[in-house]
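Single-structure report; data block below.
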Amino acid sequence: MAEPISRMVDRGAKIRWHCDVSVNHHGDADLKRIAKAKGGDYRLANKHPPCRIPGCPGIVTFKDCSSQFPVPLDTITDRDDAWWALSEKRRAQLKALGYQMELGKWVAPKKEAPR
179 MAEPISRMVD RGAKIRWHCD VSVNHHGDAD LKRIAKAKGG DYRLANKHPP CRIPGCPGIV
239 TFKDCSSQFP VPLDTITDRD DAWWALSEKR RAQLKALGYQ MELGKWVAPK KEAPR
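Under the numbering used here, the first residue of the sequence shown is numbered 179, with each subsequent residue one higher.
The following block contains the structure:
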């Protein structure tokens, strides 16, 4: 079972968020703020809130970076139907916004120069 946020706060966990659209969009999760807003029993596993960077259509995933090797908090993997459903939904959303996958990364649509 996924660890509640109160336990993460108690052990001083270093949780980082990462955007699925831009590798440059990432940061530390403010566990105390999240616990205050959502409650101590809240779990970050399988939660995918919007990217915190204004204008970015990405969603974030969380990793526990408390040790040398980061551990993803999601409990679903590419072996689960739920993972494939989320992946397909994200692909459709981003393609509808004009994003394209290039070399394993999402690339924003090219903006036309003003005439």
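Backbone N, C-alpha and C fix where the C-beta goes; we use that ideal spot for every residue, glycine too.
By the 10 Å Cβ neighbour count, where 16 or more other Cβ atoms means buried, how is D242 classified, buried or exposed? What you label residue 242 is simply residue 64 of the sequence shown in a count that begins at 1. By the neighbour-count rule (16 or more Cβ atoms within 10 Å), D242 is buried.
Quick check on the DSSP output: what are the complete alpha helix (DSSP H) runs of length 4 or more inside the segment 248 to 275, in order along the chain? 259 to 274
Unbroken beta strand (DSSP E) runs of length 3 or more, entirely within the segment 180 to 222: which are they? 193 to 197 and 204 to 206
Spatial neighbours of A260 in its chain, beta-carbon cut-off 7 Å, leaving aside the 5 residues before and after: Taking the sequence shown and counting its residues from 1, one reaches residue 260 at position 82. Contacts found: I254.
So, are the CB atoms of L209 and L251 less than 8 Å apart? If you number the sequence shown from 1, residue 209 lands on position 31. If you number the sequence shown from 1, residue 251 lands on position 73. No, they are not a contact pair.
Taking 8 Å as the threshold (C-beta atoms), are W284 and L272 in contact? For this step, residue 272 is matched to residue 94 along the sequence shown. For this step, residue 284 is matched to residue 106 along the sequence shown. Yes, these two residues count as a Cβ contact at 8 Å.
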